[in-house]
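Residue numbers (the working numbering): 119 to 553.
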């Protein structure tokens, strides 16, 4: 009896030892993620940074082809931020149209899904500069290929579903990216995304003249704009003084540039939801009026070295831009017609850039939206002029392509700005698409 007891005891201890030896040691998914991130073939550097909004944050540089169709053009380093909650979480991909601005904030989609946030800086911006004064490599093909390379690499480490998103030009970038690579992401959510027809699109100008704001608001705006033009001499002097302090040089005479600035103010006012009641009275002092204008729209917007000026170059080449609204001002404008009709060229575009405008991007995205079953959710504000040169109702089908327009909303419209019932509808739709 004793013998059998000892044998049983030995077998029990032996089995326990075997099971213990077979058990894999637990690994920290974040340590493993960081290690594998550094091993990705295109990754040239990884820096872990502090974060209070996520479990981990990595500043990553990917080596990318300058021209994805021609390896002989060389490579550049593209900045990507990876904000991690867990490698299995849903991934919110921010397809920047500019610098990595969104690395400073958390997309409202992140807390909805306790997701990760990946921010990809656009080529030619910030730390993702390319030495090319012709800007021939700053096109939709290359920027979408950049995103595809980043997402394809990160999918080896991140197992969750993907939502691409962006605001304004970044929204247009994610719209283009979906058309180029439909299967890279599961859902696309562009905010305030432009989609201009041609190099200069008239639709925003018409909306500013006839639709945006109440008739009384538009009349008040026009009267104020006329006052700005009637005070041209003193305003131009002040404008030049501020520009000189900022070492800004204009490329057309300031007295003519003032016309463009006044019309640009009308666009910016409605776009960024300023209060019509804050507009100075028509008999206000020169200083009061000028200081009000300069706080909303300063001279840096007309500088070729402005940090987002590359956008105007890309708009000139393939994205398109809005035409200025001259309604109610025609008799006071002195800017030459050829400048007014092609202001991007005379104000922003450096000489090495060619004059050709490609419609290929617009045609490709247009055809894709009309025929795809990809899941799209577009968000706009009804007072944002970009709505009127954006994705129109002709693309909306209520099934896989939906659009929400916030009454009175501007360029910064978010899901959180809608009423509770609409917010629930939006979140339910996103959850349905991500099942």
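The beta carbon of each residue, even a glycine, is placed where N, CA and C say it ideally should be.
- DSSP places residue 182 inside the beta strand (DSSP E), whose first and last residues are 174-183.
- Excluding sequence positions up to five before and after residue 233, its CB lies within less than 8 Å of the CB of 203, 207, 208, 209, 210, 227, 278, 281, all in the same chain and listed in chain order.
- Secondary structure of residue 449 (DSSP, three-state): helix.
- The beta-bridge partner set that DSSP reports for residue 282 consists of 211, 306.
- Nearest neighbour of residue 370 by Cα position, chosen from 422, 408, 407, 415, turns out to be 422.
- In this structure, residue 527 places its C-beta atom within 8 Å of the C-beta atom of residue 499.
- Residue 462 sits close to residue 439, with the two beta carbons spaced by under 8 Å.
- Taking the Cα positions, residue 189 is about 31 Å away from residue 487.
- When C-alpha distances from residue 254 are compared across 341, 185, 167, 503, the shortest belongs to 185.
- The three-state secondary structure of residue 289, taken from DSSP, is helix.
- Between the C-alpha atoms of residue 467 and residue 455 there is a straight-line separation of about 18 Å.
- Scanning the segment 488-546 from its first residue to its last, the whole beta strand (DSSP E) runs of 3-plus residues come out as 493-499, 519-524.
- Annotated three-state conformation of residue 428 is helix, per DSSP.
- In this structure, the straight-line span from the alpha carbon of residue 552 to that of residue 259 is close to 27 Å.
- Looking at the DSSP output, residue 163 bridges to 179.
- Rounded to whole angstroms, the Cβ separation of residue 200 and residue 178 is 6 Å, and the two are in contact under 8 Å.
- In chain order, 443, 445 place their CB closer than 6 Å to the CB of residue 327, counting only its own chain and leaving out the 5 sequence neighbours on each side.
- In the three-state scheme derived from DSSP, where H, G and I count as helix and E and B as strand, residue 319 is classed as strand.
- Between residue 237 and residue 198, the beta carbon gap of about 7 Å places them in contact (Cβ cut-off 8 Å).
- Only residues of its own chain outside the window of five on either side were considered, and among them 331, 384, 387, 394, 397 have a CB closer than 8 Å to the CB of residue 339, listed in chain order.
- Annotation: residue 340 is outside any beta strand (DSSP E); the continuous alpha helix (DSSP H) that includes it extends over 333-348.
- Note: residue 236 is bridge-paired with 200, 211 in the DSSP secondary-structure output.
- Here the segment 405-419 makes no contact with the segment 288-301; the two share fewer than three CB pairs at distances below 8 Å.
- Nearest in C-alpha terms to residue 433, of all of 347, 545, 319, is 319.
- For residue 285, the closest C-alpha among the options 515, 272, 301, 307 is that of 307.
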